[in-house]
Every structure is written in C-alpha cells, then in structure tokens.
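K.L.:
Dumping the structure here so I can ask a few things about it.
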Amino acid sequence: MVLGQIGEKIARSLEGLTFQTKVNEKELDEALRVISRSLLQADINIRTVARIREKVRKRVTASDLPESANRKKIATKAVFEELVDMLDPKTQAYRPRKNKLNTIMFVGLQGAGKTTSCSKLANYYRRRGWKTGLVCADTFRPGAHAQLKQNAEKTKTPFFGQENADDECEIARKGVEHFRESKYEIVIVDTSGRNRQEENLFANISRLEKETRPDHVILLMDATTGQAASDQAAAFAGAVEVGSIFLTKTDTNAKCGGALSGIAATGCPISFLGTGEHMNDIEHFSPRQFVSAMLGGFSVEQLAEKVAAIEQEDKEQMEEMLKRNRMIFRDLQVQLKVIDEIGAMKNILSMLPQNMRSSAVKELETMEKYSRLFCVLFSSMTKKEMGMDAKEFTKEGGRVARVSVGTGIPPAEIAEMMAFCRKFSAMLKKIASSGMLKHGAGGVSPDALMKQLGGRL
Numbered sequence: 001m002v003l004g005q006i007g008e009k010i011a012r013s014l015e016g017l018t019f020q021t022k023v024n025e026k027e028l029d030e031a032l033r034v035i036s037r038s039l040l041q042a043d044i045n046i047r048t049v050a051r052i053r054e055k056v057r058k059r060v061t062a063s064d065l066p067e068s069a070n071r072k073k074i075a076t077k078a079v080f081e082e083l084v085d086m087l088d089p090k091t092q093a094y095r096p097r098k099n100k101l102n103t104i105m106f107v108g109l110q111g112a113g114k115t116t117s118c119s120k121l122a123n124y125y126r127r128r129g130w131k132t133g134l135v136c137a138d139t140f141r142p143g144a145h146a147q148l149k150q151n152a153e154k155t156k157t158p159f160f161g162q163e164n165a166d167d168e169c170e171i172a173r174k175g176v177e178h179f180r181e182s183k184y185e186i187v188i189v190d191t192s193g194r195n196r197q198e199e200n201l202f203a204n205i206s207r208l209e210k211e212t213r214p215d216h217v218i219l220l221m222d223a224t225t226g227q228a229a230s231d232q233a234a235a236f237a238g239a240v241e242v243g244s245i246f247l248t249k250t251d252t253n254a255k256c257g258g259a260l261s262g263i264a265a266t267g268c269p270i271s272f273l274g275t276g277e278h279m280n281d282i283e284h285f286s287p288r289q290f291v292s293a294m295l296g297g298f299s300v301e302q303l304a305e306k307v308a309a310i311e312q313e314d315k316e317q318m319e320e321m322l323k324r325n326r327m328i329f330r331d332l333q334v335q336l337k338v339i340d341e342i343g344a345m346k347n348i349l350s351m352l353p354q355n356m357r358s359s360a361v362k363e364l365e366t367m368e369k370y371s372r373l374f375c376v377l378f379s380s381m382t383k384k385e386m387g388m389d390a391k392e393f394t395k396e397g398g399r400v401a402r403v404s405v406g407t408g409i410p411p412a413e414i415a416e417m418m419a420f421c422r423k424f425s426a427m428l429k430k431i432a433s434s435g436m437l438k439h440g441a442g443g444v445s446p447d448a449l450m451k452q453l454g455g456r457l
C-alpha cells in the first residue's frame, strides 16, 4: 500500500465523523484508530503515532473551546497540522542564487539512484532558466560515466567527465573549474557510492568535499529504507556536511512515510522527492503540500510550477497555434510532448482536487492511450500531412487507409483519434487563452489554473 492509499483512508475516517459541536467519543475513537493504523502501515514510528493520536484527541476534546466550535473541523485541522509537524525539520534547504556558481555535490549508497537523481535535478534547474552543468566524479562504478553522459544528452545538459579517470577529486575539481570559467550558475557533481556504509566511502566523500568545497551537499536516499533512514542520514552527516536529502522511490513504497518522518527527526531538510523513472519525475518537497496531496487536497502551486517549466519553444508553438486558430498535427505532437514532460498521468491526477479525480480518470486514461497511438501515427505521416488538421487529413480516405496499413491501426480507431484530436484542440485553446501559459519561468498564474480546473479539465 502506497502513501496515497493510506492518505485516502485517513481522509475517509475524518469525513465519516458526523458530530459538529459535541464530540461523539465512539466516532472519535474509531477515526483515531484508523488514522493510527494507517500511519503504522506507512512505517511511522509507533511512539510518533501515539503522540499524534493523543495531541489530536486533546485538541478535539479541549474544554476551553467555545460551545459553537465545530469539533469535526478541529479534528481535520489537527490531523493535518500534526502530520505536517511530523515531516517538518524546521530548517530550510539550500537555495541556489542567481548570477553566481552554485556547486552541488551528491553523496549516497550505490543502488539508490544517485546518477539518475543528479540528472533529474540538473534537468529541473535547466528547465527553470538556470545555466546548469553535470560532472561525473564516479570513478568506482563501471558504466557511471556512460550513464550520466547519456542522461545529460537526453536532457540537453552540458556534461564534463573522463571515461577512464581514476582520481575522482581531480575530475570533480576540473569539472567545477570548467563550468566556473564558462559562467555557469549550477554545477551538479555525481560521486562514487558503495553497496554499504563503510569507512572507505566516508573517507572518499570527505576528501571530495574538502577538494571541491561545494555550496551544498545532497544525500541521496532510498524510501525503502524506512525508519532506518534517520540512522543512515546521521552516519553520512558524520563524514560530510549534509545540507539536505533527496529521497527516491517515493511513488511506489509505503515505507516512504517512515523515511520522511525519520529524516525530519534528524533536523535535516528534505529538498526533493523522486516520484518515478522519467527525468521529469521530481518534486520539490514541502511538508504542507505533501500532506495536503496525500489527504486528497489540491496542490495548485505544484501543478503551476510544472506548467511554468514548459520549454519556451513549446510555448511559442502554442502561440502560433492560437494565431492560426486551428491545431495541426505538428502542434499536437508538441503538446503531447509537453504533457509527457509535466509528468505521468498518475502524477497529474494526484495534483487535482479529490472531488475532480474520479471524473478526470477516464479523460486522462484516454489521453494517455491516444498519446501513444499518435506517436505511432506521426511516424507514418508525410511533412505535408503533419501540417494538416484532423478535418483536412480525413477528407481523402486514401490517407487514412495508407497510414492504417503503415501503422497497423484500424481505420475505425484512426477515426476515433481524429475525434479526440478535435476535442483536444478545443481544450488546448481554452487553457492557452486562460492566462495559464505566460512567458518566462514562474509566469504561470495559480489563480488562472485554479479557475480553469474549476470549469473542466
């Protein structure tokens, strides 16, 4: 059971409370029992669960509350605030500054996804307007150089490394200097890991820290570690000055709750979460937004940030589409790529309000299905056909028959795809004209986004 399912159980237990101004002890006991059991399933420490339970009970049954106080609302607010407090280390993670070099060094055990996470973070900053570079200082793991270089090419991020290098400190130092001379703003250094915590690993990363003098050290950790994450964080903090933690595999493992709460207890801030396998599956961690989403709330800031990171050239393509007042297949190809870059459909769904999720599921699943089919269809279209819209393309039956043979997609299904294309075109025009997509990173209006979602996805 993953955290989203656990959050739903907690939310349902609170929604099931029928009392208002006078507490029903039996109902409250049952809700607290469900909440406690759910938190234990999320691998939260039993003492922490007991403390949350007693704090919530105390706030709901307090005798000094006004007679008119809505105790159901107080219960809901208390659960939310106690969960936020559990995940909040009360310290802020490092924030890079513009117009200067910010060196970020990754450390961690082998197998947690360090190289992939370095690439994700570089892509995260690059898409938000930072001049970003990647340095491979992992000289221990075979294939590390090739993997990071491949990821860098995929995300259009400049890369520095030497395939057969054996001195990681020298490579790290050269890489940082190379990007400093070119006036880069963020340099992310991938370092060697080990299969387990050992003195050799700690000695290496301690030496690297002294040699490269990073502005920020990120400890990469795996959510499957659960409550043991606090011990691992403490061990690394004894070797280097860990500034924040990047937690991976948070989308598939219920132990994520134990890892998050365990790390927060150490006082070390969590900066980012890895939420999937793709390069865009990365989220900036905010305790309040995280708990809100887990309990079925709507993270408008999170979704707006995703939209703000859309490539400038893709925004310009959308503007061109609006000017010509029709969507050609080339436009559709770009917009399907944009949707893929915002995140997997399940991630988009998790950002929507709870009351919209059930109605949006079918539409999102349909969009995901047609996105895959259109990728196949485009490969069989000519340059001229890519400049057509759905209506123009289907005028000649011969075109449909030809691409059907070339792709293996039945003509009837192609007809359904064209109908979807017309519907999608109307939706895109509505979104683009709503003020959601303005020029520049951070130019998305959360108010416009909320208004748009309030009408129809």
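So the sequence shown is numbered by our numbering: it starts at 1 and just counts up by one.
The beta carbon of each residue, even a glycine, is placed where N, CA and C say it ideally should be.
Just so we're clear, the structure is a prediction, and the values are computed from it rather than from any experiment.
(1) Decide if F126 is buried, meaning its Cβ has at least 16 other Cβ atoms within 10 Å, or exposed.
(2) Measure the C-alpha to C-alpha separation of Q20 and R59 and round it to an integer number of angstroms.
(3) Please confirm if the stretch 85 to 100 is in contact with the stretch 247 to 264, defined as three or more CB-CB distances below 8 Å between the two stretches.
(4) DSSP on T407, reduced to helix/strand/coil?
(5) Tell me the rounded alpha-carbon separation between L208 and M367.
(6) Return the residue from the list T155, R173, Q110 and R97 that minimises the CA-CA distance to G143.
(7) Please give me, in chain order, every unbroken run of the alpha helix (DSSP H) with length at least 4 that falls completely inside the stretch 368 to 429.
(8) Look at the Cβ atom of N123, then the Cβ atom of T103, and state whether they are nearer than 8 Å.
(9) So if DSSP puts H145 in a beta bridge, which residue, or which two residues, is it bridged to?
(10) Do G161 and G274 have their C-beta atoms within less than 8 Å of each other?
(11) For T382, count the other beta carbons within 10 Å of its own beta carbon; 16 or more makes it buried, fewer makes it exposed. Which is it?
(12) What does DSSP give as the partner residues of F160 in its beta bridges?
(13) Can you name the residues that DSSP bridges to H278?
(14) Look at the alpha carbon of S404 and the alpha carbon of G387, and state the distance between them as a whole number of angstroms.
(15) Output the boundary residues of the beta strand (DSSP E) element that contains D43.
(16) By how many angstroms is the C-alpha of G276 removed from the C-alpha of Q227?
(17) Tell me, please, which residues DSSP counts as bridged to F272.
(18) Around the Cβ of V444, are there at least 16 other Cβ atoms within 10 angstroms (buried) or fewer (exposed)?
(19) In the DSSP assignment, the alpha helix (DSSP H) including L121 goes from what residue to what residue?
(20) So T103 is in the beta strand (DSSP E); what residue range does that whole segment cover?
(21) Would DSSP call I218 helix, strand or coil?
(22) Applying the criterion that 16 or more other CB atoms from any shown protein chain within 10 Å of the CB defines a buried residue, is T191 buried or exposed?
(23) With contact counted as at least three CB pairs below 8 Å, one residue from each stretch, are the stretch 132 to 140 and the stretch 174 to 186 in contact?
(24) So, for Y184: in the same chain, excluding its five sequence neighbours on each side, which residues have a beta-carbon less than 8 Å away from its beta-carbon?
(25) Suppose contacts are defined by Cβ-Cβ distances below 8 Å. Is S271 in contact with A239 by that definition?
(26) Please state the DSSP three-state secondary structure of D64.
(27) Where DSSP assigns a beta bridge to D190, which residues make up the other side?
(28) Considering only the beta carbon of each residue, do C268 and S244 sit closer than 8 Å?
(29) Indicate the three-state DSSP secondary structure (helix, strand or coil) for M327 in the structure shown.
(30) Hey, would you say E385 sits closer than 8 Å to F393, going by beta carbons?
(31) Going by alpha carbons, who is nearest to I10 out of A401, G397, D64 and V79?
(32) Write down the C-beta distance between S230 and G262 rounded to the nearest angstrom, noting that I regard them as a contact closer than 8 Å.
(33) With a threshold of 7 Å on Cβ separation, who are the neighbours of V458 within its own chain once the five nearest residues in sequence on each side are excluded?
P.N.:
On the basis of the supplied data:
(1) The question names Phe, but residue 126 in the sequence shown is Arg. When all chains shown are included, R126 counts as buried.
(2) 14 Å
(3) yes
(4) helix
(5) 47 Å
(6) Q110
(7) The stretch 368 to 429 contains these whole alpha helix (DSSP H) runs: 383 to 386, 390 to 393 and 397 to 407.
(8) No, they are not a contact pair.
(9) Under DSSP, H145 takes part in no beta bridge, so it has no partner.
(10) no
(11) exposed
(12) F160 is bridged to V135.
(13) In the DSSP assignment, H278 forms no beta bridge with any residue.
(14) 19 Å
(15) Element bounds for D43: n/a, residue is neither H nor E.
(16) 21 Å
(17) F246 and H284
(18) Unreliable positioning characterises V444 in this predicted model, as indicated by a pLDDT of 48, which lies under 50. The coordinate reading is nonetheless provided below. With 16 or more Cβ atoms within 10 Å of its Cβ, V444 is classed as buried.
(19) K114 to R126
(20) N102 to G108
(21) strand
(22) buried
(23) yes
(24) L101, K131, T132, G133 and P158
(25) no
(26) coil
(27) F106 and C136
(28) yes
(29) coil
(30) yes
(31) V79
(32) 4 Å
(33) As displayed, the chain neither begins before 1 nor continues past 457, which places residue 458 out of reach and without an answer.
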